[in-house]
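Taking numbering that gives the first Met the number 0, the leading residue of the sequence shown gets 0, the next gets one more, and so forth.
Each remark here refers to the structure printed beneath this line.
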Amino acid sequence: MAQSEPVILGFMGNRGFFPTAFAEEGAKATQSAVGHVLGQRVRYVDLGNVETYADARAAAGVAQQYRRAPDGGGAIGVICSMYNFSDENGIRDFLRLADLDVPVLLHTEPDVRGLGRMGQKGRRDGACGRFSAANALRHIGYPYTLTSRHCEAVSSAAFADDLHAFYASCVLASKFRRRGRGVRLGLVGSGPDAFQTVTNVSTELLGHMGLSTVGLELIALDRQMRQVSPRELSAQLEAVSGYMAAADVPRASLEAIARMGVVFDRFVKENDLDGIAVRCWTEMQKYQIGGEVGVMPCTCMSMLSDKLIPAACETDIAGWMGMYMLQCASGLVPLLGDWNNMYDDEREEVDLFHCGVWAKSVMRPGARITRQEILATQADIGAENTWGAVDGELKAGTCAFLRPCTNAREGSVFLYGGVGRVSEEGVDTFGTRGRIQIPRIQELFRYLTQPERAVEHHTALVVGTQKNIELTMKAIRDAVPYINAQAGLGRGGQALVDFYEHSQVGEL
Numbered sequence: 000m001a002q003s004e005p006v007i008l009g010f011m012g013n014r015g016f017f018p019t020a021f022a023e024e025g026a027k028a029t030q031s032a033v034g035h036v037l038g039q040r041v042r043y044v045d046l047g048n049v050e051t052y053a054d055a056r057a058a059a060g061v062a063q064q065y066r067r068a069p070d071g072g073g074a075i076g077v078i079c080s081m082y083n084f085s086d087e088n089g090i091r092d093f094l095r096l097a098d099l100d101v102p103v104l105l106h107t108e109p110d111v112r113g114l115g116r117m118g119q120k121g122r123r124d125g126a127c128g129r130f131s132a133a134n135a136l137r138h139i140g141y142p143y144t145l146t147s148r149h150c151e152a153v154s155s156a157a158f159a160d161d162l163h164a165f166y167a168s169c170v171l172a173s174k175f176r177r178r179g180r181g182v183r184l185g186l187v188g189s190g191p192d193a194f195q196t197v198t199n200v201s202t203e204l205l206g207h208m209g210l211s212t213v214g215l216e217l218i219a220l221d222r223q224m225r226q227v228s229p230r231e232l233s234a235q236l237e238a239v240s241g242y243m244a245a246a247d248v249p250r251a252s253l254e255a256i257a258r259m260g261v262v263f264d265r266f267v268k269e270n271d272l273d274g275i276a277v278r279c280w281t282e283m284q285k286y287q288i289g290g291e292v293g294v295m296p297c298t299c300m301s302m303l304s305d306k307l308i309p310a311a312c313e314t315d316i317a318g319w320m321g322m323y324m325l326q327c328a329s330g331l332v333p334l335l336g337d338w339n340n341m342y343d344d345e346r347e348e349v350d351l352f353h354c355g356v357w358a359k360s361v362m363r364p365g366a367r368i369t370r371q372e373i374l375a376t377q378a379d380i381g382a383e384n385t386w387g388a389v390d391g392e393l394k395a396g397t398c399a400f401l402r403p404c405t406n407a408r409e410g411s412v413f414l415y416g417g418v419g420r421v422s423e424e425g426v427d428t429f430g431t432r433g434r435i436q437i438p439r440i441q442e443l444f445r446y447l448t449q450p451e452r453a454v455e456h457h458t459a460l461v462v463g464t465q466k467n468i469e470l471t472m473k474a475i476r477d478a479v480p481y482i483n484a485q486a487g488l489g490r491g492g493q494a495l496v497d498f499y500e501h502s503q504v505g506e507l
């Protein structure tokens, strides 16, 4: 495996008067499980048994060799496996000395029922050891992640699920470290005046979570679009036409879309960006940025999101953060939408809508490039300047939603999330849309609009299988303590990120 793969470090807890063979066998079993479940995504490095302070110091010395960026072969997580009643002091000392600031999974192997299994040479007492290890880490304020079951066989399906979720939480936490590269977001223009709520975000607070931004002003976008070479234009026209149905799009508009796509791709590549947030209306349309006709940036943004480079509308920085967090936790293509329409009945559902920017892979067959129907009716813009929006229905499935909301007054970030279902039922309108069913939705929306929090109208969302969404939310839940440990405390000594999880898969 390439040396640049991220690393998960593992060590076996131990206590001398329990059979050491359990720890030795466990090292092989854990390494085998990680390889089987996570495959080529990570490299597992075994640090050996840790019982004494000398063991901890030796293992920490090796671990510190992996204190580098994950894409440079650095550690993103640690698995502490207890195959017997392991010495909690050794576990604590190792984590202190290694000073890795990465998620830690506490895993305990269960005892085995059967005649003769619980004698001096057969018993593990790991259940008791987990209490001690957790207590020792609580005393030093070190966050840790627990497996779903108190004791869990390394060969079980439950442990495989926990490994998937732990890996995702490691990826998520690694992105939001303040030291190192952090998260890089490109801003194309400032936020639109009509929706100041989604742009009234404290970038200082999100900076504590590792975010930095790079700007591309609209005047620079205009100039760069006009300078796109014929070769670049031809290649991008082919990419756009092959991405989504575009038969109705006028040639001049299609060329403007392609020019913008070239500039966006270059902006991302040259600045090593994780995604972009765009001032998508109305200057681009009204002032015909980049050519002789105005254009919507939606198709270009849709294509980026489809390549796991999330693109957010209306320069919504916090909304983009929600998209990126969901993507890191799930591996799925995220979208950003409005909590938009509810009806006069008792159904627990809401229509999610945006005027046309979602990725092709999250929609049902038949998505197409079209006009932006709202702006097309505006006399000062003109319908001919509004091509480039996407029209399509969100595919059905289990979904997760997420949004961080900054509170500059309190110096905190309110992160809310939950799960639901995307209905098979279509929504009879234009743009990109889907009908979302959420347990206790009235309770959720009442909570989100209370004066003490009153969140913005955008949310990020991913759609997947029920199992994937369940593990996605577990990964986010588990990653928050590590993000807080990195970010420090907000004003008043409270955690920077306060996570509210409204609903779980078991309620669907």
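Idealized CB from N, CA, C, for every residue including glycine.
This one's a predicted model, so the numbers in the text were calculated from it and none came from an experiment.
{"Asked": "Nearest-angstrom Cα separation, counted from Arg180 out to Pro5", "Found": "15 Å"}
{"Asked": "Runs of beta strand (DSSP E) lying entirely within the region 218 to 258, each at least 3 residues, in chain order", "Found": "none"}
{"Asked": "Close Cβ partners of Val261 (< 6 Å) along its chain, the five nearest in sequence each way excluded", "Found": "Val227, Glu231, Gln235"}
{"Asked": "Opposing strand residues paired with Val6 [DSSP bridges]", "Found": "Arg42, Ala74"}
{"Asked": "Residue interval of the beta strand (DSSP E) (run including Glu348)", "Found": "348 to 353"}
{"Asked": "Minimum C-alpha distance to Ser189 - residue among Arg222, Val182, Leu215, Gly330", "Found": "Leu215"}
{"Asked": "Where the alpha helix (DSSP H) containing Gln326 begins and where it ends", "Found": "316 to 329"}
{"Asked": "Cα-Cα separation, Glu442 to Leu507", "Found": "16 Å"}
{"Asked": "Residue interval of the alpha helix (DSSP H) (run including Ser173)", "Found": "156 to 174"}
{"Asked": "Cβ-based neighbour list, Ala538, same chain, cut-off 7 Å, excluding 5 preceding and 5 following", "Found": "This structure cannot settle anything about residue 538, because the visible part of the chain is limited to 0 through 507."}
{"Asked": "Status (buried if at least 16 other CB within 10 Å, exposed otherwise) for Thr517", "Found": "For residue 517 there is no data in the structure shown, the boundaries of the chain being 0 and 507."}
{"Asked": "Cα-Cα separation between Ala459 and Asp70, rounded to whole angstroms", "Found": "26 Å"}
{"Asked": "Coarse secondary structure for Met0, derived from DSSP in three states", "Found": "Model confidence at Met0 stands at a pLDDT of 38, short of 50, so the residue's coordinates are unreliable and nothing is read from them."}
{"Asked": "Exposure label - Arg434; buried when at least 16 CB within 10 Å", "Found": "buried"}
{"Asked": "Coil, strand or helix - Gly289 by DSSP", "Found": "coil"}
{"Asked": "Gly417 beta carbon less than 8 Å from that of Ile437", "Found": "yes"}
{"Asked": "Three-state secondary structure assigned by DSSP to Cys398", "Found": "strand"}
{"Asked": "Same chain, Cβ closer than 8 Å to Glu383, five either side skipped, listed in chain order", "Found": "Pro249, Ser252, Val292, Gly293"}
{"Asked": "Distance, Pro309 Cα to Ala317 Cα", "Found": "12 Å"}
{"Asked": "Met0 versus Gly9: straight-line alpha-carbon distance, rounded", "Found": "Confidence at Met0 is low in this model, with a pLDDT of 38, below 50, so its placement is unreliable and the value that follows should be read with caution. Their Cα atoms are separated by approximately 18 Å."}
{"Asked": "Through-space distance from Ala244 to Gly365, alpha-carbon basis", "Found": "8 Å"}
{"Asked": "Outcome for Ser329 when other beta-carbon atoms lying within 10 angstroms are tallied against a minimum of 16", "Found": "buried"}
{"Asked": "Beta-bridge pairing of Arg434 - partner residues as DSSP gives them", "Found": "Asp350"}
{"Asked": "Runs of beta strand (DSSP E) lying entirely within the region 433 to 487, each at least 3 residues, in chain order", "Found": "457 to 463"}
{"Asked": "Stretch pair the region 105 to 114 + the region 40 to 56: three plus CB contacts closer than 8 Å", "Found": "no"}
{"Asked": "The region 460 to 478 / the region 123 to 135 touching (three or more Cβ pairs under 8 Å)", "Found": "no"}
{"Asked": "Beta-carbon spacing of Cys79, Leu105 below 8 Å", "Found": "yes"}
{"Asked": "Strand pairing of Ser277, partner residues [DSSP]", "Found": "Here residue 277 is Val; the residue named in the question, Ser, does not match the sequence. Val187."}
{"Asked": "Ala276 and Ala311 closer than 8 Å at C-beta", "Found": "yes"}
{"Asked": "Where the beta strand (DSSP E) containing Gln421 begins and where it ends", "Found": "It should be pointed out that residue 421 corresponds to Val in this sequence rather than to Gln. Val421 -> beta strand (DSSP E) spans 411 to 421."}
{"Asked": "Cβ separation of Gln523 and Arg176, assumed to be a contact under 8 Å, to the nearest whole Å", "Found": "Lying outside 0 to 507, the shown extent of the chain, residue 523 is not represented and no answer is given."}
{"Asked": "DSSP bridge partner residues for Met362 (one or two, in chain order)", "Found": "Leu393"}
{"Asked": "Beta-carbon separation (whole angstroms), Asp315 vs Ala358, contact threshold 8 Å", "Found": "Not really, about 16 Å apart at Cβ, beyond 8 Å."}
{"Asked": "DSSP state of Phe498 mapped onto helix, strand, coil", "Found": "strand"}
{"Asked": "Where Asn384 sits in the DSSP three-state scheme", "Found": "helix"}
{"Asked": "Rounded separation between Lys536 and Thr431 - CA only", "Found": "Coverage of the chain is limited to positions 0 through 507, which leaves residue 536 absent and any answer about it impossible."}
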